[in-house]
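For the sequence shown, our numbering begins at 377 and goes up steadily by one.
Heads up, the beta-carbon is just placed ideally off N, CA and C, and yes, glycines get one too.
First up is the structure itself, then whatever we jot down about it.
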Amino acid sequence: MAVPKRKTSKSKIRMRKRSHSKPFVATSTCPQCGAPTQPHRVCLACGTYKGRQVLTIAAEE
Numbered sequence: 377m378a379v380p381k382r383k384t385s386k387s388k389i390r391m392r393k394r395s396h397s398k399p400f401v402a403t404s405t406c407p408q409c410g411a412p413t414q415p416h417r418v419c420l421a422c423g424t425y426k427g428r429q430v431l432t433i434a435a436e437e
């Protein structure tokens, strides 16, 4: 069975654990309603994309 010759340093451990983190999700504000949305995606709050109404969002009552 393989046994490490040296103790793994803190920096090596942290470099390895860094890749396990979740990726950062970029957000921007919708120009129509101001809700946070992902860039180049339809706004799920108002249903617009590039100034056009794409989705019909039912109003919550």
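- In the structure shown, Ser387 adopts helical secondary structure according to DSSP, grouped into three states.
- Pro415 and Ala378 have their C-alpha atoms some 48 Å from each other.
- The Cβ atoms of Ala421 and Ala411 sit closer than 8 Å to each other.
- Take the alpha-carbon of Tyr425 and the one of Pro399: they are about 24 Å apart.
- The straight-line gap separating the alpha-carbon atoms of Ser395 and Pro407 is approximately 34 Å.
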